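Read the structure below first, then the notes.
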Amino acid sequence: MYAKRLDNLPPYLFAQIDAIKAQKRAEGVDLIDLGVGDPDLPTPKHIVDSLCEAARDSSTHHYPDYLGMLDYRKAVAQWYKNRFGVTLDPVKEVLALIGSKEGIAHIPEAFVNPGEYVLASDPGYPVYKTSTLFAEGKCHLMPLLEGNNFLPDYDAIPRDVLKTAKLMFIGYPNNPTGAVAPMKFFDETVEFAKNHNIIVVHDNAYSEISYDGYIAPSFLEASGAMDVGIETHSLSKTYNMTGWRIGMAVGNANLIGAFGRVKTNIDSGAFDAIQRAAITALTGPQDCVAQACAIYQERRDALVAGLQSLGFKVHVPKATFYVWMKVPNAVEFTSKMINEAGIVVTPGTGFGPNGEGYVRFAITRPVARINEAIERMKKLGITGT
Ligand SMILES: Cc1ncc(COP(=O)(O)O)c(C=O)c1O
């Protein structure tokens, strides 16, 4: 009954975790959910107000423009200019997405022929791989190793893979490792992409969630990046708008044009009222972003200090809301955490084979709950020693 491609898909990790969470809650367990990366903070009021106003205007009730409202694309271009110093033509180099997941899921349809390779980071956001499989491409996983600061080693990619490699997915600040990339790495990526004729898709969903004064760059700031790639971005994490489903793809005009052709044939765009609220978010006051980062930073510090006090080795992330921690066995540790301590964390293996030996904590719960999680672990003897 099912198409073969469904057999090739790994189970969607977070859907599986949701099922276990539902079961635990039904049993009456007070779960501390540090699993999925969904901000617990509300969308700022001025953005919600803007949506309400736009939704009452019946001119927003019709089919939207396939590629996004021009005013939204202009707001995105202006935001890229202000934030990254990157100049974009709103007509040809900006496309509205129904969340960046939607973009990542559909991009290979535009560029990858059956049997061609897509390079994707491992561990990595699972949709890089599944979108490749939907397009009937082959996925070559690039290990992100601690010894290389969780950056891929392009020299380690086999020659036969490079011959038919068409596209690559990378993303920094990185989910799940919390790693950040220096500009030098983006420069090397441009050179590698040019040498091997590979389209770069840089996923920058977490650029605004950063700490200790770190400011994340855009891949498009690298010299020559506009020749070889596009960047996907999103309002989800920046403005606590995960449920709103609004994002953008920006970059090389030919690539954006081809991707737009795919989207035109699949969806009918994002609700105009949401695009209007997104304009408010991008062009309005930005202090809400700094406030959210200050909250995450306090949580990060509480979690890292707590885990270190239990003897765990933890990377202190400069960005993202993830803490990536070494454990002897990812799945065993995750099961023990949920079954014995009522704490949800994500096994590194859910992000690819090189996630073995790690788990991911999302700091999307208040400090009091994080401290409680540490207390529960301490009581149960879940330690790193
Ligand atoms: C690395 C990364 N990219 C993209 C997304 C998709 O975000 P959205 O579709 O909400 O824009 C996520 C969501 O968790 C993510 O972690």
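Using the UniProt record's numbering, the letters of the sequence shown map in sequence onto residues 1 to 385.
For each residue, glycine too, the CB sits at the ideal point set by N, CA and C.
Bear in mind that the values here come from a model prediction, so they are computed numbers and not experimental data.
Whole-angstrom distance between residue j and residue i, CA atom to CA atom
i: Pro317; j: Tyr66; result: 37 angstroms
i: Leu151; j: Pro143; result: 8 angstroms
i: Thr349; j: Ser59; result: 47 angstroms
i: Ile338; j: Phe192; result: 42 angstroms
i: Glu27; j: Ile20; result: 11 angstroms
i: Lys326; j: Leu6; result: 32 angstroms
i: His140; j: Ala156; result: 11 angstroms
i: Leu95; j: Glu340; result: 46 angstroms
i: Gly381; j: Ile295; result: 29 angstroms
i: His62; j: Ala75; result: 21 angstroms
i: Asp160; j: Gly115; result: 12 angstroms
i: Gly137; j: Leu70; result: 33 angstroms
i: Leu97; j: Ala3; result: 27 angstroms
i: Pro328; j: Thr242; result: 32 angstroms
i: Phe361; j: Met1; result: 38 angstroms
i: Trp79; j: Tyr239; result: 14 angstroms
i: Asp227; j: Tyr125; result: 24 angstroms
i: Asn197; j: Lys184; result: 19 angstroms
i: Lys379; j: Gly37; result: 26 angstroms
i: Ala54; j: Ala273; result: 5 angstroms
i: Gly224; j: Ile199; result: 12 angstroms
i: Glu372; j: Ser131; result: 38 angstroms
i: Ala330; j: Tyr214; result: 29 angstroms
i: Leu220; j: Arg73; result: 17 angstroms
i: Leu31; j: Ser335; result: 13 angstroms
i: Asp267; j: Thr385; result: 51 angstroms
i: Asn82; j: Thr280; result: 15 angstroms
i: His315; j: Ala135; result: 35 angstroms
i: residue 389; j: Pro182; result: Summary: the structure shown does not reach residue 389, with the chain confined to residues 1 through 385, and so no result is reported for it.
i: Val359; j: Ala77; result: 36 angstroms
i: Ala22; j: Gly357; result: 26 angstroms
i: Val190; j: Asn265; result: 30 angstroms
i: Ser236; j: Leu282; result: 12 angstroms
i: Asp57; j: Thr232; result: 29 angstroms
i: Gly229; j: Met168; result: 9 angstroms
Residues near residue i in its chain [Cβ-Cβ closer than 6 angstroms; skip 5 each side]
i: Ile374; result: Gly306
i: Pro44; result: Cys288
i: Ala292; result: Leu41
i: Val262; result: His106, Glu109, Ala110
i: Phe186; result: Phe219, Ala222
i: Asp18; result: none
8 angstroms Cβ shell around residue i - same chain, five flanking residues per side excluded
i: residue 392; result: Any answer about residue 392 is impossible in this case: the structure gives the chain only from 1 up to 385.
i: Val29; result: Gly342
i: Thr383; result: Leu310, Gly311, Phe312, Met377
i: Glu188; result: Tyr154
i: Val163; result: In the sequence as presented, Val is not what sits at residue 163; that position holds Lys. Nothing listed; no residue qualifies.
i: Ile363; result: Leu34, Tyr296, Arg299, Arg300, Leu303, Phe321, Tyr322, Val323, Ile370
i: Pro10; result: Pro126, Lys129, Thr130
i: Gln308; result: Val314
Short Cβ contact (9 angstroms threshold) for residue i with residue j
i: Gly35; j: Val345; result: yes
i: Lys166; j: Tyr117; result: yes
i: Phe333; j: Arg300; result: no
i: Ile170; j: Val201; result: yes
i: Gly103; j: Gln275; result: no
i: Trp244; j: Ala278; result: yes
i: Ala290; j: Lys92; result: no
i: Ser218; j: Ser100; result: no
i: Pro39; j: Ala270; result: no
Chain-order list of residues whose beta-carbon lies under 7 angstroms from that of residue i (same chain, five-residue window excluded)
i: Pro123; result: Leu144, Pro176, Thr177, Gly348, Phe351, Gly352, Asn354, Gly355
i: Gly284; result: His46
i: Asp212; result: Lys318
i: Lys129; result: Ala120, Cys139
i: Asn149; result: Ala179
i: Asn8; result: Leu133
i: Val367; result: Glu298, Arg299, Ala302
i: Arg365; result: Ile32, Asp33, Leu34, Asp40
Any non-hydrogen atom of ligand 3 within 8 angstroms of residue i CB
i: Ile104; result: Looking for ligand 3 in the displayed structure turns up nothing; the ligands present are ligand 1.
Taking one C-beta from the segment 110–129 and one from the segment 84–94 each time, how about it: are there three or more such pairs within less than 8 angstroms?
-> As far as the Cβ criterion goes, the segment 110–129 does not touch the segment 84–94, which means the pair count is below three.
Give a yes or no on contact between the segment 243–256 and the segment 9–20, applying the rule of three or more CB pairs nearer than 8 angstroms.
-> The answer is no - the segment 9–20 does not touch the segment 243–256, with fewer than three Cβ pairs under 8 angstroms.
Any chance the segment 249–264 sits against the segment 48–55, with 3 or more Cβ pairs inside 8 angstroms?
-> With the cut-off at 8 angstroms, the segment 249–264 and the segment 48–55 do not touch.
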